[in-house]
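Numbering of the sequence shown is given in full-length UniProt numbering, commencing with residue 1 and proceeding in unit increments.
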Amino acid sequence: MKVPIEWLKDFVNINIKADELASLLTMAGLETSVSAGNFLEVDILPNRGDCQSVLGVSREVCAVTGAKSKTSKTKIKEIKEKISSYLRVDVRDKKLCPRYMARVIKNVKIKESPQWLKERLESCGIRSINNVVDVTNYILLGYGQPMHAFDADKLQSLSGSFKQIIVRRASDCEPFKTLDGGEHKLTRDMLVIADLERIVAIAGVMGGKNTEVSDSTTTIVLESAYFNPLSISKTSKETKLRTESSARFEKAVDWNMVGRALDLGAQLIAELGNGDVLSGIIDIAEKRSAPKILDLRFSRLEQLLGIKIFPEVAVKILRRLGFKIIKKDNKKLKVEVPSFRISDIEREIDLIEEISRINGYDKILTTMPTFIKKSLGDDTLDKVSYIKEILAGSGLYEVQTFSIVDPNNADGSALKISNPMTSEASVMRTDIISGLLKVISHNIRHQINDIRIYEVGKIFMPGTPHQEKDIIAGAITFPKSSYFDVKGIVENLLYEFVDCFYVSSVNNNLLHPNESGEIKDIGWFGLLHPEVSKKWNFRQDIFVFQLDLTALFLAKKEKRYSKLPRFPKVERDLAMFVSSNSSHQKIVDLIKKFGGEFLEEVELFDIYKNSRAYRLSFRDKNSTLTDDIVNEKFNTIQKALEEHLGVEIRR
């Protein structure tokens, strides 16, 4: 938001350079820069609707500089004619319009605004229209209260009687033409301002062409209101009308400013248009709840910030920000939240944040953590929770499928239930994958093709007695998913619980023979076999994994800690054509055997038909490796692979 510094001086006594002021505001959480022409460019946070005006920014200026704010009272000269004899207002939905106020100004002369007003508006990028409309825009920018001026003579009324405004919901598909000429079909969820026959404004968003102030206007109905923020936000989005008014109403305006702004607007219109303000004011309002009172404990303030802030400093900061101190003792404050901060100050922690940002975040000392994170304990539930965190970090979502399944989709030896509810659910499952494939099939039928799921549960193996196993199983499918995705997920889990593991080929009818792997005694993973995919009518690759949790937890990993490496690693990529009997594990074992003491890691990073590519990492803990040493070991590895496994090195 653009804030002219000269306008800011109408609200606060400041004598400080613009760049210094911008720096202070930024340090207090209101990011501000200085632009050409003596303006502040202020980025308003989503929860700080109270700062969407020059007055709102001036409050922040008072807080960060200690400057005194300027206050002024509005004095309205009213004529004898009463507003009640001219205008009636009927608010039919007080939930969407908790407060509606209006004044009437007669004998107004529509003309060009004075130079000072035009300059104020134009400095903020608002085009001057006429003295009446300019006043409403001036108050919106200066005080944050949107207002609307109706040409009273264009409001429909019963013959010879008073004018009437009705605040109601629109009818479905009710047509309305806005000031910008747009045609809209409204819905019953939208609040509108209407007369006896038609809509004259979309509440809080934009007025209508039918009651627009023109050069011939002589009588003004001036509206100021508090509209439900959520209602205005929805209406603005649905009508695609994003206005300065809606931007303020949807973040909640200051309840107390509604009347103050109306009086100021009526006074200015009367002064600039030589008009007469009718006596009285229309104010239809719901009963307000009691002021919001919060406790602020000094002990909690110090505990959270980690520094001592004296009570008198906290009181001074809160008062600068407009808070009222109701009661103070040695332990706490009772603080009344100002009306313009009701929407974002809700708890004690909010008061602490206000004190902290004004006192200065730079005064909070930087300290190291005073605790050490515990290693994973032996408790099984803790370990399962940890596994779930790892899988969530890999983008998987947890699901639950039934343990009792259809015998037609289960192993023939599955345990039967003695008293099943239905024949379709009469045996205990022997695997979890089938349930996950059912979930994937359901989602694919509903055009969801990016699916990453897992389940932790039991399987029930036949025997005397039967066995129950705790299993974690998962299934993934998404565009460009590959064997490496499921392999990476499984390895991430294994690295947390197992010191050393080997991936070997697997003989499993569920999996593709060339894109699968097994970790002895723990589990398996890979691409679903084409025949199984065909049975499920899958047209995309499905990758699955299943691990025995008991076996995984028994393979206890000993935590080892070492210094961070001081010297860089050297990498070499090794590509080769392999025969069908050269398994991945055989290749890795041979590389490690001939790699020597400096070989740190072997990573398979590419597979295409009979071609594989590995990345070898070498590092000396005591010095930087030279190319000669690395090349010697690399050549030894290549020669060993050719001689022992018959691979063809791609050079």
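Glycine included, C-beta positions come from ideal geometry on N, C-alpha and C.
Please read all numbers here as calculations on a predicted model, not as lab measurements.
Boundaries of the beta strand (DSSP E) in which residue i is found, first to last residue
| i | result |
| --- | --- |
| Lys82 | Glu78 to Lys82 |
| Ser279 | Asp276 to Ser279 |
| Leu574 | Val570 to Phe577 |
| Ser224 | Ile220 to Tyr226 |
| Leu294 | Ile293 to Arg297 |
| Tyr495 | Unbroken run through Tyr495 is the alpha helix (DSSP H), Tyr483 to Phe497; no beta strand (DSSP E). |
| Arg169 | Lys163 to Arg169 |
When the options are compared against residue i, the one with the closest alpha-carbon
| i | options | result |
| --- | --- | --- |
| Asp470 | Phe323, His148, Ile126 and Leu547 | Leu547 |
| Ile352 | Ser339, Asp379 and Phe323 | Phe323 |
| Val337 | Arg615, Leu436 and Asp350 | Asp350 |
| Tyr226 | Pro311, Ser246, Val253 and Val200 | Val253 |
| Leu158 | Leu196, Leu140, Gly181 and Ser171 | Leu196 |
| Ser299 | Asn330, Ser482, Met27 and Arg59 | Asn330 |
| Gln585 | Val630, Cys500 and Arg320 | Cys500 |
| Met576 | Asp172, Arg59 and Arg615 | Arg615 |
| Gly280 | Ser504, Arg59, Ala102 and Asn635 | Ala102 |
| Thr626 | Pro568, His644 and Leu641 | Pro568 |
| residue 655 | Arg341, Leu528, Met428 and Leu574 | Look at the range of the chain in this structure, 1 to 651, and you will see that residue 655 is not part of it. |
| Ile76 | Val104, Glu60 and Gln52 | Val104 |
| Lys95 | Val167, Ser246 and Ile79 | Val167 |
| Ser482 | Arg452, Met461, Asn508 and Pro465 | Arg452 |
| Asp10 | Val34, Ser413 and Ala67 | Ala67 |
| Lys80 | Ala63, Lys106, Val61 and Ser58 | Lys106 |
| Phe478 | His466, Gln447 and Val490 | Gln447 |
| Gly457 | Glu491, Glu398 and Asn449 | Glu398 |
| Val221 | Cys173, Trp536 and Gly207 | Gly207 |
| His529 | Glu122, Phe538 and Asp521 | Phe538 |
| Ser233 | Thr218, Phe249 and Ser224 | Phe249 |
Beta-bridge partners of residue i, as assigned by DSSP
| i | result |
| --- | --- |
| Leu604 | Tyr614 |
| Gly208 | Thr178 |
| Gln467 | Met461 |
| Met421 | None, per the DSSP bridge assignment. |
| Gln546 | Ala473 and Trp524 |
| His529 | Answer by DSSP bridge pairing: none, since His529 is not bridged. |
| Lys2 | Glu41 |
| Leu641 | DSSP lists no partner for Leu641. |
| Tyr561 | In the DSSP output, where bridge partners are listed per residue, Tyr561 has none listed. |
| His184 | Phe176 |
| Phe150 | Val221 |
| Arg99 | Tyr226 and Ala285 |
Cβ separation of residue i and residue j, assumed to be a contact under 8 Å, to the nearest whole Å
| i | j | result |
| --- | --- | --- |
| Ala285 | Arg99 | 4 Å |
| Glu531 | Trp524 | Not quite, the Cβ-Cβ distance comes to about 17 Å (not below 8 Å), so this is no contact. |
| Ile476 | Val486 | 6 Å |
| Ile387 | Val544 | About 17 Å; that fails the 8 Å criterion. |
| Leu117 | Tyr138 | 6 Å |
| Gly142 | Val54 | 5 Å |
| Phe484 | Leu552 | With 8 Å as the limit, Phe484 and Leu552 do not qualify as a contact, their Cβ atoms being about 21 Å apart. |
| Glu601 | Ser617 | 4 Å |
| Ser135 | Ile14 | A quick correction: the sequence has Val, not Ser, at residue 135. Not a contact, Cβ separation roughly 26 Å. |
| Ile364 | Ile317 | Not quite, the Cβ-Cβ distance comes to about 15 Å (not below 8 Å), so this is no contact. |
| Asn492 | Ser394 | 6 Å |
Start-to-end residues for the alpha helix (DSSP H) that takes in residue i
| i | result |
| --- | --- |
| Trp7 | Ile5 to Leu8 |
| Phe460 | Element bounds for Phe460: not the alpha helix (DSSP H) but the beta strand (DSSP E), Ile451 to Met461. |
| residue 654 | Since the first residue of the chain shown is 1 and the last is 651, residue 654 is not available in this structure. |
| Gly517 | Element bounds for Gly517: not the alpha helix (DSSP H) but the beta strand (DSSP E), Leu511 to Ile519. |
| Met190 | Where Met190 is concerned, there is no enclosing alpha helix (DSSP H), given that its DSSP letter is neither H nor E. |
| Leu436 | Ile433 to Arg445 |
| Ile358 | Glu348 to Asn359 |
| Asp589 | His584 to Gly595 |
| Lys118 | Gln115 to Ser123 |
| Asp134 | Asn131 to Tyr143 |
| Ile390 | Thr380 to Gly393 |
| Lys363 | Looking at the DSSP string, Lys363 is not in any alpha helix (DSSP H), and its letter there is neither H nor E. |
Heavy atom of the ligand PLP within 6 Å of residue i beta-carbon
| i | result |
| --- | --- |
| Gly395 | The ligand content of the structure shown is nil, which means the ligand PLP is not present either. |
Exercise for review: Assess, as a yes-or-no matter, whether the segment 183-196 is touched by the segment 229-245 under the definition of 3 or more beta carbon pairs within less than 8 Å.
Suggested key: yes
**Study point:** Stretch-stretch touch, CB-based, cutoff 8 Å, three pairs: the segment 402-410 with the segment 439-456
**Key:** no
Exercise for review: State whether the segment 143-155 contacts the segment 209-218, with contact taken as three or more CB pairs (one from each stretch) at a distance under 8 Å.
Suggested key: yes
Review point. With a cut-off of 8 Å, do at least 3 Cβ pairs link the segment 308-322 to the segment 109-116?
Key: no
Practice item. Please determine if the segment 189-202 and the segment 124-134 are in contact, where contact requires at least 3 C-beta pairs separated by less than 8 Å. Key: no
Point to revise | Inter-stretch contact at 8 Å, needing at least 3 Cβ pairs: the segment 162-170 / the segment 86-94 | key: yes
Practice item. Indicate whether the contact test is met: 3 or more Cβ pairs, each with one atom in the segment 2-15 and one in the segment 35-43, closer than 8 Å. Key: yes
Check your understanding: Is it a yes or a no for the segment 411-425 touching the segment 507-521, going by three-plus beta-carbon pairs under 8 Å?
Key -> no
Review point. Do the segment 593-611 and the segment 627-638 make contact, defined as three or more Cβ pairs closer than 8 Å?
Key: yes
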